[in-house]
Every structure is written in C-alpha cells, then in structure tokens.
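S.K.: Residue numbers (full-length UniProt numbering): 1 to 207.
In this text, a Cβ means the ideal position worked out from N, Cα and C, and glycines have one as well.
Would you mind keeping the following structure in view while I ask a few things?
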C-alpha cells in the first residue's frame with residue numbers, strides 16, 4: 001500500500017480533497033469507490049464506518065470528513081504552505097473559516113437543499129441563523145482579503161471555496177460579485193485545473 005491512499009468518487013466531495021492533493025504535489029494512490037454495494041462493503045466500512053467518501057489513509061492512519069482531511073494534510077506536508085505557521089496571526093483566521101465551512105456553511109446549504117428554512121424562533125438554535133447571515137459573513141471576509149486567511153491561499157480556500165463555487169453552479173448560493181471574483185482566482189490555480197481534469201476523466205471513463 002502507498003504511504004498516502006485516497007478513497008474517492010469523482011461525483012463526491014472527494015473532488016475537494018483531490019484538489020488539495022494536487023496542491024501538495026506529493027505522490028498518492030487513488031482508489032475509486034463506487035456508490036452502492038462497494039461503498040457499503042465490509043472492506044470499505046473498515047476504512048470509514050459511515051460508508052461514504054472521501055477518506056485518506058496516511059502512514060497507516062485513517063482520516064475522514066473533508067475539513068479534517070484538509071487540516072490534516074496541510075499540517076502533514078507543511079512544505080506546501082497550505083496552512084499558516086502555528087505562530088502566525090493568520091492561523092486564527094485559517095481555523096475560523098475552515099471550520100465555519102464545516103459547520104454553519106455546510107448546515108445552511110444542506111438544510112436549504114432539503115427545503116428546510118428555519119423560522120425566527122428556530123434560527124436561535126440551528127447554529128447558523130440563516131443562509132443570508134452565512135453568506136454575509138463570507139462576503140465580509142472576502143471583500144477585505146483575497147483569501148480567507150488574508151494574503152495566503154490555504155486549505156481553507158480549497159474547502160470553503162469549493163462550496164462557494166459549486167453552490168453558485170447549482171444555484172444553492174447566490175452569485176454575489178465578491179464570490180464570483182474569489183472563485184475565478186481559485187479555479188485559475190494550476191492544481192485546481194489538474195484536479196478537475198483527473199476527476200472529469202474518471203467520470204468520462206465511467207460513463
């Protein structure tokens with residue numbers, strides 16, 4: 001087994017991790033897991049008991065959940081510069097927005113896609129208030145900075161940026177000018193383009 005193994009499906013959030021891996025520029029083995037019986041097989045459930053992708057296995061250790069994978073890989077391969085140094089003031093913003101993406105943003109988008117819009121009373125305990133508040137918070141930080149942690153592109157931009165880009169594509173996030181400009185900066189990155197080419201080729205081969 002390779003030192004770094006990536007379990008994914010090209011029609012999943014694994015595309016975020018693929019992009020991050022291409023940013024790292026380190027060797028990795030890809031294992032495409034099909035939806036259905038293979039993803040729920042005993043063999044794959046031993047990797048991820050949730051029976052979903054993506055997941056990674058690095059030096060014998062398994063990491064699941066995209067935000068956790070992003071944070072782990074950025075720290076495991078510091079030479080790529082995908083996380084601010086521990087003693088950098090930008091580290092606070094990096095953590096803040098990475099986990100904002102995994103918490104309020106993810107919940108708001110998922111609830112909206114499922115047709116649940118919290119009323120005024122429910123907004124007090126859903127953890128994100130409303131979709132408008134989530135988007136306003138993101139617009140505020142991206143109006144002041146090119147990237148979520150300031151001037152440095154990080155793993156937080158891979159994760160949150162992907163959600164913004166896909167959200168605009170599938171019309172779950174309104175295409176505000178700030179978001180469109182941010183997404184164009186991200187997709188211009190060579191690693192983002194390589195990752196998309198790899199996963200799109202897997203989709204074509206499958207279809």
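(1) Where does the unbroken beta strand (DSSP E) through residue 7 begin, and where does it stop?
(2) For residue 62, list the residues DSSP reports as bridge partners.
(3) Where do the ends of the beta strand (DSSP E) carrying residue 32 lie?
(4) Helix, strand or coil for residue 150 per DSSP?
(5) Which first and last residues belong to the alpha helix (DSSP H) in which residue 109 is found?
(6) Given 7 Å as the limit, tell me if residue 156 has its C-beta closer than that to any heavy atom belonging to the ligand HEM.
(7) Is residue 49 helix, strand or coil when you go by DSSP?
(8) Is DSSP giving residue 157 helix, strand or coil here?
(9) Which residue marks the beginning of the alpha helix (DSSP H) containing residue 100, and which one marks its end?
(10) Assign residue 103 to one of three DSSP states: helix, strand, or coil.
(11) May I ask which residues mark the beginning and end of the alpha helix (DSSP H) holding residue 142?
(12) State the CB to CB distance for the pair residue 83 and residue 74, rounded to an integer number of angstroms; the pair is presumed to be in contact (CB under 8 Å).
(13) Do the segment 159-168 and the segment 178-190 touch if we need at least three Cβ pairs shorter than 8 Å?
(14) Express the C-alpha separation of residue 138 and residue 147 in angstroms, rounding to a whole number.
(15) Distance check for residue 178 and residue 58, CA to CA, integer angstroms please.
M.R.: From the atom records:
(1) 4-8
(2) 57
(3) Counting along the chain, the beta strand (DSSP E) containing residue 32 begins and ends at 29-32.
(4) Three-state DSSP puts residue 150 in a strand.
(5) 106-113
(6) With respect to small molecules bound, the structure shown includes none, and the ligand HEM cannot be examined in it.
(7) coil
(8) helix
(9) Taken as a continuous stretch (DSSP letters only), the alpha helix (DSSP H) holding residue 100 covers 90-100.
(10) helix
(11) 131-144
(12) 4 Å
(13) They touch, by the three-pair rule.
(14) Cα-Cα distance, rounded: 11 Å.
(15) 36 Å
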